[in-house]
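In this text, residue positions in the sequence shown follow full-length UniProt numbering: the first is 1, and each later residue adds one.
Glycine residues also receive a C-beta, built at the ideal position from the N, C-alpha and C atoms.
This structure is a prediction, so every number in the text was calculated from the model and none was measured.
This report refers to the structure that appears directly beneath it.
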Amino acid sequence: MAVGVFDSGLGGLTVYDACAKRLPDVAFCYYGDNAHAPYGVRDADDIFNLTCAGVERLWGEGCDLVILACNTASAAALKRMQETWIPEGKRVLGVFVPMIEALTERKWGDNSPPREVAVKHVALFATPATVASRAFQRELAFRAIGVDVEAQPCGGVVDAIEAGDEILAEALVKSHVEALKRRMPHPEAAILGCTHYPLMQKTFQEALGAGVDVYSQANLVAESLADYLERRPEFIGSGTESKFLTTGDPASVSSHATQFLRHPIRFEAA
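Given below as structure tokens:
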């Protein structure tokens, strides 16, 4: 029994790592669908089916609560899963909630009408599928007015990170930031709308400039999860050790995970 963390590949490890540091007594089971990464170029049905398969595998490990540490899955699959698929007694949560809470400075349960917020110009960096879904803009519009969001689909970045090619990933990030700034020269805030991207946060910040607040999801999700488990302790589970599963090659995935997190991670075949 543990808290499940699902991702299309390595990116969700940024969320796992933050959650494990914030909640050191909680056991986690991480599932990376590396064999099918990246999700950001797939269609909505494909993303839905792959996400459901991964979540079912985590349920099989006794994870009644699963965090979709994947913005593409959260954007393209979560609403449909919650409306049509998730059974009684299970919970699947996405990663948009804490991000929009932080940006709009209001709690998710606050159902008051949309209001003006301090930030007016927001850059969103995400996968092509997340950008196409417009899920971030839709959820933001429920809570804030007068916010201009310019979204940049960041093709290739996830592939480079999954392949362990940091030089290519840095070059792609700089290119995508330049493309966005041609359309929005002076963003006040930037959302890293993919859990792979915090691995490149320094590059994003340097390319955007020191005056831009860069919102990275990992710590925000960790704080939100800690709050959720305080209110719903029955979802903590009784496990004592964390576990890592992958649909890819365990040795290769373990090597890349260790490279990016800077400490050993050992994956098993899912």
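In the DSSP assignment, find the unbroken beta strand (DSSP E) run with residue i in it and report its ends.
{"i": "C29", "result": "F28 to G32"}
{"i": "Y215", "result": "D213 to Y215"}
{"i": "V41", "result": "No beta strand (DSSP E) holds V41; DSSP gives it neither H nor E."}
{"i": "T240", "result": "From DSSP, T240 is part of no beta strand (DSSP E); its letter is neither H nor E."}
{"i": "E150", "result": "D148 to P153"}
{"i": "H121", "result": "H121 to A126"}
{"i": "A189", "result": "A189 to L192"}
{"i": "L93", "result": "R91 to L93"}
Whose C-alpha, out of the options, is nearest the C-alpha of residue i?
{"i": "G12", "options": "V97, T72, V214 and T240", "result": "T72"}
{"i": "E234", "options": "H36, H176, C63 and R22", "result": "C63"}
{"i": "S74", "options": "M99, A270, R57 and W59", "result": "M99"}
So, using beta-carbon positions, are residue i and residue j closer together than 7 angstroms?
{"i": "E150", "j": "A169", "result": "no"}
{"i": "G54", "j": "Y31", "result": "yes"}
{"i": "A20", "j": "A218", "result": "no"}
{"i": "T14", "j": "P198", "result": "yes"}
{"i": "A76", "j": "S112", "result": "no"}
{"i": "S254", "j": "F267", "result": "yes"}
{"i": "H186", "j": "Q152", "result": "no"}
Starting from residue i, follow its DSSP beta bridges and name the residues at the other end.
{"i": "F204", "result": "F204 pairs with nothing; no bridge assigned."}
{"i": "V221", "result": "In the DSSP output, where bridge partners are listed per residue, V221 has none listed."}
{"i": "G4", "result": "C29 and V66"}
How many Å lie between residue i and residue j at the Cα?
{"i": "V157", "j": "D148", "result": "24 angstroms"}
{"i": "I236", "j": "T247", "result": "25 angstroms"}
{"i": "P264", "j": "D43", "result": "34 angstroms"}
{"i": "F204", "j": "V173", "result": "7 angstroms"}
{"i": "I145", "j": "D213", "result": "19 angstroms"}
{"i": "D7", "j": "E178", "result": "28 angstroms"}
{"i": "E188", "j": "S216", "result": "15 angstroms"}
{"i": "E227", "j": "P128", "result": "The residue you asked about is not Glu; residue 227 is Asp in the sequence shown. Each residue's Cα considered, the two are about 31 angstroms apart."}
{"i": "E56", "j": "E139", "result": "26 angstroms"}
Ends of the alpha helix (DSSP H) at residue i?
{"i": "E162", "result": "V157 to E162"}
{"i": "residue 320", "result": "Residue 320 cannot be examined here, being either before or after the span of the chain that is shown, 1 to 270."}
{"i": "V253", "result": "P250 to L261"}
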